[in-house]
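Numbering-wise (my numbering), the sequence shown opens with residue 88 and increments by one.
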Amino acid sequence: MIHRSQFPDVPLPDQSVHGLLLDRLAELGDAPAVIDGPTGRSISFAQVGRLARRLASGLVARGLAKGEVVALVLPNVIEYPGLFLGISLAGGVASTVNPILTEEEIGTLLREGRARLAITTPELIEKVEPATARAGVETVYVLGEAATGSTPSVETLLDDEPATPPSVEPATDLVALPFSSGTSGRSKGVMLSHANVVAQVKLIDAATGFPSGVPVMVVLPFFHIYGLTVIMLLSLWKGNSQVVMQRFELEPFLQCLERYRVVWAPVVPPIVLALAKHPAVDRYDLSSVQYLMSGAAPLGAEVEAAAAARLGCRVNQGYGMTELSGASHVLPVEQAGQHPGSCGLLMPNHELRIVDPETGESVGANHRGELWIRGPMVMEGYLGRDDATAATIVEDGWLRTGDIGYVDDAGYCYVVDRLKELIKYKGYQVAPAALEAVLVSHPEITDAAVIPSPDAEAGEVPKAFVVCKRPLTAETVIDFVAERVAPYQKVRRVAFVDSIPKSASGKILRRILVEEERRAAATS
Numbered sequence: 088m089i090h091r092s093q094f095p096d097v098p099l100p101d102q103s104v105h106g107l108l109l110d111r112l113a114e115l116g117d118a119p120a121v122i123d124g125p126t127g128r129s130i131s132f133a134q135v136g137r138l139a140r141r142l143a144s145g146l147v148a149r150g151l152a153k154g155e156v157v158a159l160v161l162p163n164v165i166e167y168p169g170l171f172l173g174i175s176l177a178g179g180v181a182s183t184v185n186p187i188l189t190e191e192e193i194g195t196l197l198r199e200g201r202a203r204l205a206i207t208t209p210e211l212i213e214k215v216e217p218a219t220a221r222a223g224v225e226t227v228y229v230l231g232e233a234a235t236g237s238t239p240s241v242e243t244l245l246d247d248e249p250a251t252p253p254s255v256e257p258a259t260d261l262v263a264l265p266f267s268s269g270t271s272g273r274s275k276g277v278m279l280s281h282a283n284v285v286a287q288v289k290l291i292d293a294a295t296g297f298p299s300g301v302p303v304m305v306v307l308p309f310f311h312i313y314g315l316t317v318i319m320l321l322s323l324w325k326g327n328s329q330v331v332m333q334r335f336e337l338e339p340f341l342q343c344l345e346r347y348r349v350v351w352a353p354v355v356p357p358i359v360l361a362l363a364k365h366p367a368v369d370r371y372d373l374s375s376v377q378y379l380m381s382g383a384a385p386l387g388a389e390v391e392a393a394a395a396a397r398l399g400c401r402v403n404q405g406y407g408m409t410e411l412s413g414a415s416h417v418l419p420v421e422q423a424g425q426h427p428g429s430c431g432l433l434m435p436n437h438e439l440r441i442v443d444p445e446t447g448e449s450v451g452a453n454h455r456g457e458l459w460i461r462g463p464m465v466m467e468g469y470l471g472r473d474d475a476t477a478a479t480i481v482e483d484g485w486l487r488t489g490d491i492g493y494v495d496d497a498g499y500c501y502v503v504d505r506l507k508e509l510i511k512y513k514g515y516q517v518a519p520a521a522l523e524a525v526l527v528s529h530p531e532i533t534d535a536a537v538i539p540s541p542d543a544e545a546g547e548v549p550k551a552f553v554v555c556k557r558p559l560t561a562e563t564v565i566d567f568v569a570e571r572v573a574p575y576q577k578v579r580r581v582a583f584v585d586s587i588p589k590s591a592s593g594k595i596l597r598r599i600l601v602e603e604e605r606r607a608a609a610t611s
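Here you go:
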């Protein structure tokens, strides 16, 4: 059975990313496009466009060939959109790299991404410069002056003399090379074409109904696909001022929401949880916030409802992945709160299959299986990884997401968990995310993660790692969950911890806990 989008198809322009956005930036003029939240430093829409054109001219003049890669090893700086669009206009490919990685990790991604040039900040140059040298990157540039004074500034790349950029074929030429999150294995370079990214911007705009010309809070990193396409590029298209932070800290985040009268705040489940439970929230005027959008990981219905009630706003969820150029499912804002726990409806111009992982057969409504998606946002493949591409994009262009979920009778999608992270308890499949949602609904539990723990009799049992406001007993936690789930889903082991390991996008890094659990079992 094939599930088709309930939204009408949207005509998609045969257009590059810079072709879509640069004229729009000129129209928006001197309104602030990106504001550094803590300092108030800003760049206008027109200035973003001028930066993009000057960078493109400089790159072309220095011989950047179409399809060559420029790595952005940057936090959320206000120049990020202009740099990304400048690389696009020059015919290059922007590889967005997580700046908090180690020198070795950055070097690996630069090498695998085949980067010719890199751009970073003075604060990062001490680890980025040796990483680029080891990866064979030709030159690294910094925004401003490097501490050593020997590394060229991005200013030396900018050229006011217009250059003729190469023509772009949107359907086949790449514009972005983000890396998959690697939460369950090695990160892979995801090849996204201009057509992929333009489709994301146009389709999410058509499906969500998010307002135009309003302040947007951007605490999610631009190097991540959620921050890059769903927030940064969509906000440029809609004329929304982006209030950026380089790292998430709760009180500065709340201060920015209040100071800039933020209307739309795209977030991840840990932030929604904090907004629902943390006492600091009551000290700030958050009355301007009308919409929270949660993505990157499952969000439990109870936490969703609690945050909406506390802030007096609408909370809607979305679902997507790097390999889908961003979001593939969204809940229109006018329906927020009407389908608790749902990640929404399939985006326009797309199709969905729910495939039983045991039989390989498609199933109908209310049956769980792996989500397979087909449409114009499906990536071109993984760079240099033909084997991984063939395992992910299968016959007739279907992309296997690796996520387990179902569609209800009305067409709303619910994502349960990662296929590889399901716990096999006596033949039953137990979803960690579902148990985590139950755990954080406890008033004394502020965060939780659930992993499979080896067991001689059952094979695996669910083990909870729990962060508490005040001390609880393992028995209390086990009983709380047992009252709310089927018997085979019960948590059977509990560990109390100070924090849960998470990625920059808010995904629980269960593999870290699994590795620790295995080491502990091996030494016991």
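The beta-carbon is built from N, C-alpha and C at its ideal position, and this holds for glycine as well.
Leaving out five residues before and five after residue i in sequence, what residues of the same chain have Cβ atoms less than 7 Å from its Cβ?
i    : result
R571 : V525
S540 : E547, V548, K550, R580 and E604
L458 : L439, I441, T488, D490 and G492
Q333 : P162 and N163
V255 : S103, G178 and H281
P253 : K153 and G178
Could you check how far apart the C-beta atoms of residue i and residue j are, in whole angstroms? I think they sit under 8 Å.
i    : j    : result
P463 : T295 : That belief does not hold up - the Cβ atoms of P463 and T295 are roughly 17 Å apart, past 8 Å.
V284 : A263 : 6 Å
V184 : A158 : 5 Å
L486 : V502 : Not really, about 15 Å apart at Cβ, beyond 8 Å.
M278 : G468 : 5 Å
V156 : G194 : In fact, because the Cβ distance is near 14 Å, the residues do not count as touching under 8 Å.
If you follow the beta strand (DSSP E) that residue i is in, where does it begin and where does it stop?
i    : result
L470 : Where L470 is concerned, there is no enclosing beta strand (DSSP E), given that its DSSP letter is neither H nor E.
W485 : Careful: W485 lies outside any beta strand (DSSP E) and carries neither H nor E.
R137 : From DSSP, R137 is part of no beta strand (DSSP E) but of the alpha helix (DSSP H) over F132 to A148.
Y228 : T226 to V229
A152 : Note, A152: premise wrong, no beta strand (DSSP E); not H, not E.
Y378 : Y378 to S381
I206 : A202 to T207
R318 : Looking at the sequence provided, one finds Ile at residue 318 rather than Arg. Segment: none, I318 is in no beta strand (DSSP E) and carries neither H nor E.
Please classify residue i as buried or exposed, where buried requires at least 16 neighbouring CB atoms within 10 angstroms.
i    : result
A181 : buried
E213 : exposed
T563 : exposed
D117 : exposed
I89  : exposed
S103 : buried
T270 : With a pLDDT of 45 at T270, under the threshold of 50, the predicted position of this residue should be treated as unreliable, though the coordinate-derived value follows. It is buried - the Cβ of T270 has at least 16 other Cβ atoms within 10 Å.
V355 : buried
K511 : exposed
P239 : exposed
L433 : buried
E523 : buried
H454 : exposed
R401 : buried
V147 : buried
A205 : buried
S299 : exposed
R91  : exposed
L107 : buried
Could you give the residue range of the alpha helix (DSSP H) that holds residue i?
i    : result
P357 : P356 to K364
N403 : Taken as a continuous stretch (DSSP letters only), N403 belongs to no alpha helix (DSSP H), being part of the beta strand (DSSP E) at R401 to M408.
G564 : According to the sequence displayed, residue 564 carries Val and not Gly. Its alpha helix (DSSP H) spans residues A561 to A569.
V285 : H281 to T295
F171 : Y167 to L176
G194 : E190 to E199
Among the residues of its own chain, which have a CB less than 6 Å from the CB of residue i, if the five just before and after it don't count?
i    : result
L115 : F132 and G326
S129 : P119 and I122
E345 : Y371 and D372
By how many angstroms is the C-alpha of residue j removed from the C-alpha of residue i?
i    : j    : result
V317 : C430 : 15 Å
A394 : T533 : 13 Å
V584 : R557 : 12 Å
S449 : L211 : 48 Å
E216 : G231 : 15 Å
A305 : G382 : Before going on, a small fix: residue 305 reads as Val here, not Ala. So the two alpha carbons sit approximately 13 Å from each other.
V629 : G150 : Since the first residue shown for the chain is 88 and the last is 611, residue 629 is missing from the structure and cannot be characterised.
P366 : L360 : 12 Å
F335 : C343 : 11 Å
V301 : L559 : 43 Å
S590 : R137 : 34 Å
Q93  : A497 : 10 Å
V537 : E248 : 57 Å
G51  : Y378 : Residue 51 lies beyond the residue range present for the chain, which begins at 88 and ends at 611; the question has no answer from this structure.
H311 : F297 : 20 Å
A607 : R597 : 15 Å
Ignore the nearest five residues each way along the sequence and tell me which others in residue i's own chain have a CB closer than 8 Å to its CB.
i    : result
V97  : K289, L290, A293, P435 and N436
L475 : Note that residue 475 is Ala in the sequence shown, not Leu. Counting only Cβ-Cβ distances below 8 Å, and skipping sequence neighbours, we find K275 and Y469.
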